[in-house]
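*Asks:*
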Amino acid sequence: MSERRKQYPFDVIEPKWQARWDEEKTFGAPNPGDPGFDPGKPKYYVLDMFPYPSGQGLHVGHPEGYTATDIMARFKRMKGFNVLHPMGWDAFGLPAEQYAIKTGQHPRVTTEKNVERFRGQLKRLGFSYDWEREVNTTDPGYVKWTQWIFLRLYNSYFDEREKAARPIRRLEEKRRAELPEETAEERRAFLDSQRLAFVSEAPVNWCPELGTVLSNEEVVDGKSEVGGFDVERRPMRQWMLRITAYGHRLIDELEPLDWPEGIKALQRNWIGRSEGADVTFRVQRTNDRITVFTTRPDTLFGATYMVLAPEHPLVAEITTPDQQRAVDQYKIDASNKSDMQRTELAKDKTGVFTGGYAVNPVNGEDVPIWIADYVLMSYGTGAIMAVPAHDERDFEFAQEFNLEIREVVHPKNAPDRDDDDDEPHCFAGKGIAVNSPLIDGLETDEAKAKMIDWLESNGFGRRAINFKLRDWLFSRQRYWGEPFPILWEKGLHRAIDENDLPLALPEMEDFKPTGTTDPPLSKAIDWVRVDGASRETNTMPQWAGSCWYYLRYCDARNSERFIGEEAEEYWMGAENEEAGGVDLYIGGTEHAVLHLLYARFWHKVLFDLGYVSTPEPFQKLVNQGLIQGEDGQKMSKSRGNVVNPDDVVEEYGADSLRLFEMFMGPLEQTKPWSTKGVEGVFRFLSRVWRLCMESDQEGNWMVSSVLVDEDADRKTLKVLHETIKKVSSDIEGLDFNTAIAQMMVCTNELTQLEKRPVRAVATLLQLLNPFAPHLSEELHELLANKFPSLHQTEIARQTWPEYKDEFLVVDEIEMVVQVNGKLRDRIVVKKESSKEEIERTALACEKVQPFTEGKTVRKVIVVAGKLVNIVAN
RNA sequence: GCCGCCAUGGCGGAAUUGGUAGACGCAUCGGACUUAAAAUCCGAAGAGAGCGAUCUCGUGUGGGUUCGAGUCCCACUGGCGGUACCA
C-alpha cells in the first residue's frame, strides 16, 4: 500500500535536506555587526505566533500559518532581503501546570519534552527558521527580561499631558517641588497609586476550580476560557497593569495598521471608547453630588429619574428610612447573583426606589433616585441619568415601574404618528431636540455640543470619554509562571535589585493550588522570606512572555539587554517610507483581544520610555482560516475528525502537506480538510519529479533523457514567464492557491514537450522552491550535476527569477465578439490591428449576422485585447 | 440587538480597474497501456433542448445603474465568527 504511494522518494530526500539546512545553518540571519552581515540588504521580518507546546503536538492548523510565512521568508531571501524568520515557545501556562499536577511530574520536565517534540515536528516540515534565535519564555535568560520589563512598568507612570509613560522618578521630583510639606508616607502612597503596575484591592474574577484569578479577557460567558469552569467575583489584592491609560492610543494608532478590518473592529469594540459628558446632579436636602456619564447630554431634559448601581457608595446616604429594608434586601439579592445569572435575567428589569431625589441641573426638577442591577458599578461612574424616551433599557425600566417617559428628541422626517401616539415608544436615534428650552430645534450633534458648553460654563459637568476597557489583572495564583520581582515589607512593596534578576521559581515538590486564595509559592517558605521582607507569591499570567518575544528574536542571545539597540533599530526600525516593526505577522484570530492588545500595550510603554523605535509592533497582520475536519465540522477528538500532520507527512511527505494546505483555498478562509486533495497535490509533485526523472528496468531513478540543454520555444517561454509573473505577484499577495494552480499549468505544459528545455525546468523548480523546498532542491541538484549550464548552488541561495515582458506578448490575439453583451463568436486579430479593422472583422463574422440582421448597429465597443461588443436594435 | 465576514458546478475553489463565468484540483465517465488490476498517460464534462452546427438558461432572492454585472448601488434571505444591560 505505502509502496504504491511512494511515486517519488520523499522519505529519503526530505530528511537529507533538513539535515543539510541544519548543519550548514542555511537560514541563519546575521545581525548588524555579525560576520556576513550585508548593510546594503533591506530587512524583512516575518513572524509566526509562537505555539504553546501542548502535550498533543502539532495539529494541522499550525502548519497552515507556518507554511505561509515560510513561503514568504524563502521568497524574500531569494529576492535579496535579509530575512528574520524565527520560532520559539510560549511555554508557561495553565495546561502544563495542570498536567504536572495530574502526573506529579515537574512542569519544567513536561515542558521540555513537549518543546522537543514540537521542534522535531516543525523541522520535519522543512521550515526555514533561524534556529539560533529560538526562544523559550520559561528559560531563566528570558524570564530575566520579562521581569525587567515588568519593573519598567512598575517604575513608570502615565503622564496625562504628554499622553505617554514616563519614569516615576520624574513624578516624584515634581511632587516634592509642588507639595514640600507632604510626608514621605503620603508621597509614597500617591506614587504607588500612579504606577503602571500597581496593586489594587478590587472585585476580580476568581475561578475556584483553577484556583486562580483570571483577566476579563480570559472569562467567556461567565466561565473560564481554559476548562470552562465557573468564575465568581470576589475582592482580592491583585497586581494590575494600567492599560486603560492607553485606551486612546490603542484605538487611534490602530487605524493605519495593515490588519484585517474584523480584528481592528474587535479591538475597537473591546476598548469601547464612547464620547459624551459627565453631569453632576445635586442630591436633594444633602450636600451629596452624583456624577453620571452620558453619551446623550442632549437628552438631559428627558431625564426623569436616576439609577445607581447597588454597590454605589452613596446608596446608604440617599436611602430614606422607610425604603431602607427594601434597598438592603435588593443589595443582598444583587450580590448573590453570579454574572451568569445577571446576564440571563437581562430581559427583566428589577430595581428599588431609594426614597431620595436629585435635582436635574437643566430644569431644577426633582427626579427620583433608584437602584438597579442593570447599572454596573464597573462602567462610567456607576450611576446614570435615565432617559426612558430615548434609551431602550431606561424605557423598559420605566414601563416596569411606571416612571415618566418624556420625549425630548423627535425623529427627523418621521411621519406624524398621531394614530398610535398614546402608545409609549422609545427612540434611541438622532433627531431634533424638543421640549428642551436650551436646545430646542437643534439636531442631535449640535444639541450635544451646546449642552456640554452650557454644563461646563455653569459648573454642572464637562466633556468626558469613557472606555469599556478595564485595567489588566496581571497576577495569578499559580506556580508555573514568572515570579514578580517584588518584595513586601510592612505592607509596602518595592522592586528587587535589577542585578538580582532573574528571580527564579523555587524548586518545589508540591506546587498544587493551596485550596485557598494563597498562591502555591506561599508554601515555599525559605524562598518567600528575605531578611525582614517577604517575596510576592503571585506569578505573572501566560501573556507576559508573549508580550515581547518578537523583540527578543531580534537579539535572542544578548545577555546585557533585552534587545540590543542596533538590532532593534535594524529589525524593528522604520526605514524610509516603511512604517517599521514586524513586516508580516500571521496567526489565529483567537488572539484578537488578548495577546495582540497586550503586546501593543507593552510595546507602547517601551516606546515611550525610549527602548524601541516604533509605536506599533506589528505592521501587517493576517489571520489564517480555521481548517475543519473532512466532514466540514470543527476538528475535535469527540467528533473523531482530527487529522494528525505526522500521519500525512509519513504517507505523502512534508512537501505534500505544505502544498496541500496552501492549495486548499484562500489563506484567511475557513476550509475543510480533504484527503483526496492531499493525494491531488501529491500527484502534482510526482509529476514534477517525473518531469525531471525516469526509471530504468530495475526501477532506479535517473535524470530524464528527454531533458535537453536547448532554448525553449516561444510558446513554452510564454507559459514559463506567465508563471514567473503570476507566482511572484501571488506570493506577495499571499494568494498561494492560485500560484500553485499556475505552476500546475506550467508543469503540464512542460510535460507534454517531447524535448524538455532544462533551463525552463530549473526555473520552474525555483518558483516551486518556497512551497516544496525539499523536492525542488533535490531535483535541482540532480539536474545541476548533469547540466553544467545550470546554477551550481542550491536554490535557497539563488536569486528569484524575473519575467520578461517580451515573452508574454503574442502576435495574434483572440478576441471575443458579443452582440448586445452576449457572446456570439471569437476572432483572431493581429496584435497591432487598429480599432477600425477589428470592428470590421467583428461585424463581418458569420455567426454575428443572424443577430444583427434587420437591426441597426448603434455602437461598437472595442476593449483592447479582450472583446468587441456590438450594440444593435 | 449590534459589529465583522461569507454565499459561484457533485465538491474545494478561479475570474486585473465592471469585459470570454467555472482556471487549477478532487470526484465522475470514456480511451490507451496491462493477462488483469494499481500506477501512469490522453480525452469528456454547469444545466436543459437537439443527430448536429447551434440555441436557451445560469454566480443565494428581488430591483436598479451600464453597451456589458459574480464584480457597482438599493432592499432582502441564509450561514459563519465576535459581542452583548457599556449609559
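Here our numbering is used: position 604 in the first sequence is 942, and no number is missing along the way. Idealized CB from N, CA, C, for every residue including glycine.
Quick one, which of Lys-1185, Leu-1205 and Leu-1181 has its alpha-carbon nearest Val-1195's?
*Replies:* Here residue 1195 is taken as the residue at index 857 of the first sequence, counted from 1. Among Lys-1185, Leu-1205 and Leu-1181, the Cα nearest to that of Val-1195 belongs to Leu-1181.
*Asks:* What alpha helix (DSSP H) runs, 4 residues minimum, are completely inside the stretch 1124-1189?
*Replies:* 1143-1146 and 1173-1181
*Asks:* Can you list, in chain order, the residues of its chain whose CB lies under 6 Å from that of Met-878, leaving out five sequence neighbours each side?
*Replies:* If you number the first sequence from 1, residue 878 lands on position 540. Excluding positions up to five away in sequence, the list reads Gly-819 and Glu-820.
*Asks:* Does the beta-carbon of Arg-755 have 16 or more other beta-carbons within 10 angstroms, so that it is buried, or is it exposed?
*Replies:* As a first step, residue 755 must be located in the first sequence, where it is residue number 417. Its pLDDT being 48, under 50, Arg-755 is placed unreliably in this model, and the coordinates cannot settle the point.
*Asks:* In or out: Ile-1208 buried (at least 16 other Cβ within 10 Å) or exposed?
*Replies:* Along the first sequence, one-based indexing puts residue 1208 at 870. That one is buried.
*Asks:* For Glu-1060 and Lys-1009, I'd like the C-alpha separation in whole angstroms.
*Replies:* Taking the first residue of the first sequence as 1, we reach residue 1060 at position 722. Taking the first residue of the first sequence as 1, we reach residue 1009 at position 671. When rounded, the distance between both Cα atoms is 28 Å.
*Asks:* Does the distance from the CB of Phe-1189 to the CB of Val-1154 come in under 8 Å?
*Replies:* Residue 1189 sits at position 851 when you count from the first residue of the first sequence. Residue 1154 sits at position 816 when you count from the first residue of the first sequence. Against a cut-off of 8 Å, the Cβ pair of Val-1154 and Phe-1189 comes out as no contact.
*Asks:* Rounding to the nearest angstrom, what Cα-Cα distance links Ser-1127 and Asp-1049 in this structure?
*Replies:* Residue numbering aside, residue 1127 sits at position 789 when the first sequence is read from its first letter. Residue numbering aside, residue 1049 sits at position 711 when the first sequence is read from its first letter. Taking the straight line joining both Cα atoms gives about 12 Å.
*Asks:* Okay, do the stretch 413-424 and the stretch 888-900 touch, 3+ Cβ pairs below 8 Å being the bar?
*Replies:* yes
*Asks:* Terminal residues of the continuous beta strand (DSSP E) containing Lys-1014?
*Replies:* For this step, residue 1014 is matched to residue 676 along the first sequence. Per DSSP, Lys-1014 belongs to no beta strand (DSSP E); it is in the alpha helix (DSSP H), 1013-1030.
*Asks:* I'd like to confirm the pairing. Which residues does DSSP put opposite Ser-951 in its beta bridges?
*Replies:* As a working mapping, residue 951 is identified with position 613 in the first sequence. According to DSSP, Ser-951 bridges with nothing at all.
*Asks:* Let me know if Val-1019 comes out buried or exposed under the rule of 16 or more other beta-carbons within 10 Å of its beta-carbon.
*Replies:* On the first sequence, residue 1019 is found 681 positions in, with the first residue counted as 1. It counts as buried.
*Asks:* So what's Arg-499 in DSSP terms, helix, strand or just coil?
*Replies:* Along the first sequence, one-based indexing puts residue 499 at 161. Correct three-state label for Arg-499: coil.
*Asks:* Rounding to the nearest angstrom, what Cα-Cα distance links His-748 and Ala-771 in this structure?
*Replies:* Here residue 748 refers to the residue found at position 410 of the first sequence. Here residue 771 refers to the residue found at position 433 of the first sequence. Approximately 6 Å between the Cα atoms of the pair.
*Asks:* If we ignore side chains and look at the alpha-carbon of each, how far apart do Asp-758 and Ala-1210 end up?
*Replies:* In the first sequence, the residue the question calls residue 758 occupies position 420. In the first sequence, the residue the question calls residue 1210 occupies position 872. Residue confidence is low: Asp-758 scores 49 on pLDDT, short of 50, so the model does not pin down where it sits. No coordinate-derived value is stated.
*Asks:* Do Val-1044 and Glu-1119 come within 8 Å of each other at the CB atom, strictly closer than that value?
*Replies:* Sequence index remark: in the first sequence, residue 1119 carries index 781 (1-based). Sequence index remark: in the first sequence, residue 1044 carries index 706 (1-based). Against a cut-off of 8 Å, the Cβ pair of Val-1044 and Glu-1119 comes out as no contact.
*Asks:* Closer than 8 Å is the cut-off here; do at least three beta carbon pairs connect the stretch 570-579 with the stretch 542-552?
*Replies:* yes
*Asks:* Identify whether Pro-347 lies in helix, strand or coil by the three-state DSSP scheme.
*Replies:* As a first step, residue 347 is located in the first sequence; it is residue number 9 there, counting from the start. Pro-347 falls in the coil class under three-state DSSP.
*Asks:* What residue from Glu-794, Asp-1034, Glu-1036 and Leu-995 has the CA that sits closest to Phe-1022's CA?
*Replies:* Counting from 1 along the first sequence, the entry for residue 1022 is found at position 684. For Phe-1022, the nearest C-alpha among the options comes from Leu-995.
*Asks:* What separation, rounded to the nearest whole angstrom, lies between the Cα atoms of Arg-801 and Glu-794?
*Replies:* To locate residue 801, count along the first sequence from 1; it is residue 463. To locate residue 794, count along the first sequence from 1; it is residue 456. Taking the straight line from one Cα to the other gives about 8 Å.
*Asks:* Among the residues of its own chain, which have a CB less than 7 Å from the CB of Tyr-668, if the five just before and after it don't count?
*Replies:* Taking the first sequence and counting its residues from 1, one reaches residue 668 at position 330. Excluding sequence positions up to five before and after Tyr-668, its CB lies within less than 7 Å of the CB of Pro-648, Val-690 and Ile-709, all in the same chain and listed in chain order.
*Asks:* If Ile-628 sits next to Phe-619, beta carbons under 8 Å apart, how far is it from one beta carbon to the other, in whole angstroms?
*Replies:* What you label residue 628 is simply residue 290 of the first sequence in a count that begins at 1. What you label residue 619 is simply residue 281 of the first sequence in a count that begins at 1. Confirmed, about 5 Å.
*Asks:* With distances taken Cα to Cα, identify the nearest neighbour of Leu-1072 among Met-789, Asn-493, Tyr-887 and Phe-1109.
*Replies:* If you number the first sequence from 1, residue 1072 lands on position 734. Cα-wise, what sits closest to Leu-1072 is Phe-1109.
*Asks:* Alpha carbon to alpha carbon, how far is Val-1201 from Ser-1171? Give it in angstroms, no decimals.
*Replies:* Translated into positions along the first sequence, residue 1171 becomes position 833. Translated into positions along the first sequence, residue 1201 becomes position 863. Looking at the backbone, the Cα of Ser-1171 and that of Val-1201 are separated by about 12 Å.
*Asks:* With DSSP run on the structure shown, which of helix, strand or coil describes Leu-859?
*Replies:* Within the first sequence, residue 859 is the residue found at index 521, counting from 1. Helix, per DSSP.
*Asks:* Counting C-beta neighbours from all protein chains within 10 Å, is the total for Leu-839 16 or more, i.e. buried, or is it exposed?
*Replies:* Along the first sequence, read from residue 1 onward, the residue named residue 839 stands at position 501. Buried, by the Cβ-count rule.
*Asks:* If you reduce the DSSP assignment to three classes, tell me which class Met-973 lands in.
*Replies:* Indexing the first sequence from 1 puts residue 973 at position 635. Residue state, collapsed to three classes: coil.
*Asks:* From the DSSP secondary-structure annotation, give me the bridge partner or partners of Glu-539.
*Replies:* By one-based count along the first sequence, residue 539 stands at place 201. Beta-bridge pairing links Glu-539 to Arg-575.
*Asks:* For the candidate residues Tyr-888, Lys-850, Pro-844 and Ala-882, whose alpha-carbon lies nearest to that of Arg-867?
*Replies:* By one-based count along the first sequence, residue 867 stands at place 529. Selected option, being the one with the closest Cα: Pro-844.
*Asks:* Consult DSSP for Asp-754 and reduce its assignment to one of helix, strand or coil.
*Replies:* Position 416 of the first sequence, counted from the start, is the residue given in the question as residue 754. With a pLDDT of 48 at Asp-754, under the threshold of 50, the modelled position of this residue cannot be trusted; read the value that follows with caution. Per DSSP, reduced to three states, the secondary structure at Asp-754 is coil, with no helix or strand assignment.
*Asks:* Can you say whether Val-558 is buried or exposed, counting buried as having 16 or more other CB atoms within 10 angstroms of its CB?
*Replies:* Taking the first residue of the first sequence as position 1, residue 558 is located at position 220. Counting Cβ neighbours within 10 Å, Val-558 comes out exposed, since fewer than 16 surround it.
*Asks:* In terms of alpha-carbon separation, which member of Glu-742, Tyr-383 and Asn-740 lies closest to Asp-408?
*Replies:* Sequence index remark: in the first sequence, residue 408 carries index 70 (1-based). The candidate whose alpha carbon is nearest that of Asp-408 is Tyr-383.
*Asks:* Looking only at DSSP bridge pairs, what is Asn-420 linked to?
*Replies:* Translated into positions along the first sequence, residue 420 becomes position 82. Asn-420 is bridged to Lys-381.
*Asks:* Is Thr-632 closer than 8 Å to Val-653 when the C-beta atoms are compared?
*Replies:* Residue 653 sits at position 315 when you count from the first residue of the first sequence. Residue 632 sits at position 294 when you count from the first residue of the first sequence. Result no, Cβ atoms of Val-653 and Thr-632 do not sit closer than 8 Å.
*Asks:* Whole angstroms are fine: how far does the CA of Val-981 sit from the CA of Val-398?
*Replies:* By one-based count along the first sequence, residue 398 stands at place 60. By one-based count along the first sequence, residue 981 stands at place 643. Those two C-alpha atoms are separated by around 7 Å.
*Asks:* Compare the Cα-Cα distances from Gln-605 to each of Gly-585, Lys-451, Asp-428 and Arg-623 and report the closest residue.
*Replies:* Position 267 of the first sequence, counting from 1, holds the residue named residue 605. For the residues Gly-585, Lys-451, Asp-428 and Arg-623, the minimum Cα distance to Gln-605 belongs to Gly-585.
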